[in-house]
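Participant: For my numbering, count along the sequence shown from 1 and bump the result up by 14.
Glycine included, every Cβ here is placed at the ideal spot set by N, Cα and C.
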Amino acid sequence: MRSHLLNDATAESYRRSVTEGVERVASRLAATRGPFTGVTPAELAPVIDAVDLDRPLGDSSAALDELESVYLRDAVYFHHPRYLGHLNCPVVIPAVLGEAVLSAVNSSLDTWDQSAGGTLIERKLIDWTNGRIGFGPSSDGVFTSGGSQSNLQSLLLAREEAKTDDLSKLRIFSSECSHFSVQKSAQLLGLGRDAVVSIPVDRNKRMQSVVLAAQLEACRAEGLVPMAIVATAGTTDFGSIDPLPEIAALAEEYGAWMHVDAAYGCGLLASPTRRHLLDGIERADSVTVDFHKSFFQPVSSSAILVRDGATLRHATYHADYLNPARTVAERIPNQVDKSLQTTRRFDALKLWMTLRVMGADGVGQLFDEVCDLAAEGFALLAGDPRYDVVVEPQLSTLVYRYIPADAASPEEIDRANLHARKALFASGEAVVAGTKVDGRQYLKFTLLNPETTAADIAAVLDLIAGHAEQYLGETLVHA
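#1: Among the candidates S195, E266 and L203, whose CA atom is the shortest distance from the CA of L230?
#2: Leaving out five residues before and five after S441 in sequence, what residues of the same chain have Cβ atoms less than 7 Å from its Cβ?
#3: Excluding the 5 residues preceding and the 5 following V105 in the sequence, name in chain order all residues of the same chain whose CB lies nearer than 7 Å to its CB.
#4: Can you tell me which of D22, I147, L319 and A76 puts its alpha carbon nearest to the alpha carbon of V156?
#5: According to the Cβ coordinates, are F360 and S164 closer than 9 Å?
#6: On the DSSP bridge assignment, give the partners of H273 in chain order.
#7: Across which residues does DSSP place A6 in a beta bridge pair?
#8: Looking at C-alpha atoms only, which residue of T460, V65, D141 and R340 is the closest neighbour of D79?
#9: According to the neighbour-count rule (16 or more other Cβ atoms, all chains shown, within 10 Å of its Cβ), is Q201 buried or exposed?
#10: With G112 as the anchor, note down where its beta strand (DSSP E) starts and where it stops.
#11: Alpha carbons only, please: which of L283, R234, L264 and M241 is nearest the one belonging to A247?
#12: When DSSP labels each residue in this structure, what does S212 get in the three-state scheme?
#13: Within 10 angstroms of its Cβ, does K450 collect 16 or more other Cβ (buried), or is it exposed?
#14: Can you name the residues that DSSP bridges to S316?
#15: What's the gap between the Cα of R42 and the Cα of V110?
#16: What residue range does the beta strand (DSSP E) around A14 cover?
#17: Distance check for V405 and N463, CA to CA, integer angstroms please.
#18: Taking 9 Å as the cut-off, decide whether the C-beta atoms of C191 and T250 are in contact.
#19: Can you tell me where the alpha helix (DSSP H) with I147 in it begins and where it stops?
#20: For the beta strand (DSSP E) that F459 lies in, which residues bound it at each end?
#21: The alpha helix (DSSP H) that contains R30, what's its start and end?
#22: Using CA atoms only, rank isn't needed, just tell me which of K364, T302 and S410 is closest to G112.
#23: According to the Cβ coordinates, are R288 and A242 closer than 9 Å?
#24: Counting along the chain, where does the beta strand (DSSP E) carrying Y414 start and finish?
#25: Using DSSP with H/G/I as helix, E/B as strand and the rest coil, what is Y495?
#26: The alpha helix (DSSP H) spanning R185 covers which residue range?
#27: Return the CA-CA distance between P418 and F252, expressed in angstroms with no decimal places.
#28: What three-state label does DSSP hand I346 in the structure shown?
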């Protein structure tokens, strides 16, 4: 079994196995004609259940043959131009190359003695991102597993900076369109979900700063503590960006920690044309970025950035067997001193390779393309009498609803839209997402693929209308 360990003696076997795997994936990508096969859980589960994990196949080629039927054939392929579902991006080749390198070397980014060069590369990328945000020389940060973890750590820092032992008095303010991880973090931090005050949004789905000001004043009047304000730069449903300068001014006035969840909108940091949409982000205390959304990186690649690096001490614990306290005085850079995680992948390498090959402008231009495409898609929806579109996009998300020409109840329209989404997914021709707006069922395009065209959007809208009309017609016949 030692022949399967990666080392100097097995380097050639490693080369052959990985090359074969890459060739299989490349062939599958080249042959993919839709984002999905339409396989159901009931169809695929028996195939995987039939695999006996206690009877190994013995070689990589046989395992790759099997992988075709249990995974590769029926995977949902985000690179396809008609994948328009969730916040999943196609990935750039330099990042995939970085993924291959980091997996093989297998550095753990917790201590210097496990990840010498990796530690410095990650720190360089944190400094680079902070520079793009507009933070000063005292800023810092660390890579994380994703936006939810970044948001959790940011609110942990906010809780500790609030400097009160009575957690029941702490309040977090976020818009009604903010990510669910805000409520989840409050629960995990011992505050309870009731600690989150939901602020209504305007017609463009942006936090209403006037209401925020009133809620902050009410919080102060009741003797409560405004722990944090979470502004969103790219909401999951609408891609809307809260009024960052106004929120920053209120955070300063009321002594609240300002966190910007830019998990989606962080691509604007590299945009040659749209960076101004993030004006005010430099006044935040902390920022979440998800490079695996709008920087076209493989999952996972996220980070928490802080304006004052000293606040990261709230996540610091020293263990004699890992990062003893003396290493701080010795100026040994241990990333675990800043992180909620201990063992941690060298995910920063993917972004490093991307910037060294493509440059920031190259990434930003790709994100600009999908934002431009969303504007075209909005024009199509706004001019199509079959659809009601909710809001003009700031980024690359479109939320809309099929409306039949003949009279139908709101409940019937809800069911028709839900059916259309499910039927489209089952067909494998395209993938779209769904959400609710004011209690009604809507559909959603999340556009993150520069290869998607306005013609693709128009074709998918025709498919949705066809499925919805068929459903309503059958419902009428049954009635």
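Facilitator: According to the structure shown:
#1: Nearest option by C-alpha distance: E266.
#2: The residues are G52.
#3: Once the five neighbours on either side are set aside, the close Cβ partners of V105 are F310, Q311 and P312.
#4: Of the candidates D22, I147, L319 and A76, the one whose C-alpha sits nearest the C-alpha of V156 is L319.
#5: Their beta carbons are not under 9 Å apart, which means F360 does not touch S164 by this criterion.
#6: Residue pairing by DSSP puts H273 in a beta bridge opposite V244 and S300.
#7: The requested residue 6 does not occur in the structure, where the chain is confined to residues 15 to 493.
#8: Per the Cα distances, V65.
#9: The residue is exposed, with fewer than 16 neighbouring Cβ atoms inside 10 Å.
#10: Not the beta strand (DSSP E): G112 falls in the alpha helix (DSSP H), residues I107 to V119.
#11: From the listed residues L283, R234, L264 and M241, the smallest Cα separation to A247 is found for L283.
#12: Secondary structure of S212 (DSSP, three-state): strand.
#13: Taking all protein chains in view, the Cβ of K450 is surrounded by fewer than 16 other Cβ atoms within 10 Å, so the residue is classified as exposed.
#14: BP columns for S316 point to T158 and D304.
#15: When rounded, the distance between both Cα atoms is 16 Å.
#16: Any property of residue 14 remains undetermined from this structure, which presents the chain solely from 15 to 493.
#17: The C-alpha of V405 is placed about 21 Å away from the C-alpha of N463.
#18: Cβ distance < 9 Å, so C191 and T250 count as in contact.
#19: Where I147 is concerned, the enclosing alpha helix (DSSP H) stretches over A130 to I147.
#20: R454 to T460 is the extent of the beta strand (DSSP E) around F459.
#21: Its alpha helix (DSSP H) spans residues A25 to A45.
#22: Taking only the C-alpha atoms, the option nearest G112 is K364.
#23: No, the pair does not count as a contact, with Cβ atoms beyond the cut-off.
#24: Per DSSP, Y414 belongs to the beta strand (DSSP E) from T411 to Y416.
#25: Any property of residue 495 remains undetermined from this structure, which presents the chain solely from 15 to 493.
#26: Segment L184 to S189 is the beta strand (DSSP E) holding R185; no alpha helix (DSSP H) there.
#27: Spanning the two alpha carbons is a distance of roughly 23 Å.
#28: In the structure shown, I346 sits in coil (DSSP, three-state: anything other than H, G, I, E or B).
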